[in-house]
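*Asks:* Have a look at this one.
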Amino acid sequence: MSRLQEAHERLETAVTRLDQAVDKRFTVVDSQQDATALSDALDAARSDNTRLQAVTSTLASRLDSTIDRLRKILDE
Numbered sequence: 102m103s104r105l106q107e108a109h110e111r112l113e114t115a116v117t118r119l120d121q122a123v124d125k126r127f128t129v130v131d132s133q134q135d136a137t138a139l140s141d142a143l144d145a146a147r148s149d150n151t152r153l154q155a156v157t158s159t160l161a162s163r164l165d166s167t168i169d170r171l172r173k174i175l176d177e
């Protein structure tokens, strides 16, 4: 094998390794961005859940009050 071919193969190997390293780096960055997006979505879902629990509690209280009033009216 000539020196030129050996140099060419080493260059090809180096370029391939560089491509793999770049791909791996982008995968890590994408994973971090995905994790951040998922974390943000989870925070938003938790916030919505807390708000909906408060609304549900208020509605349940109002319904209980209305049912009590209706029972009193029907008993009269």
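Here the sequence shown is numbered in this note's numbering, starting from 102 and rising by one per residue. Glycine is no exception: its CB is placed at the ideal position from the N, C-alpha and C atoms. Here the structure is a predicted model, which is why all the values come from computation and not from measurement.
If you draw a straight line from the C-alpha of SER103 to the C-alpha of ARG118, how long is it?
*Replies:* Walking along the sequence shown from the start, residue 103 turns up at place 2. Walking along the sequence shown from the start, residue 118 turns up at place 17. Going by the C-alpha atoms only, they are around 23 Å apart.
*Asks:* Classify SER158 as helix, strand or coil using the three-state DSSP reduction.
*Replies:* Against the sequence shown, residue 158 aligns to sequence position 57. If DSSP states are grouped into helix, strand and coil, SER158 belongs with the helices.
*Asks:* Can you grab the Cα-Cα spacing for the pair GLU177 / THR151, in whole Å?
*Replies:* As a position in the sequence shown, residue 177 is number 76, starting the count at 1. As a position in the sequence shown, residue 151 is number 50, starting the count at 1. Taking the straight line joining both Cα atoms gives about 40 Å.
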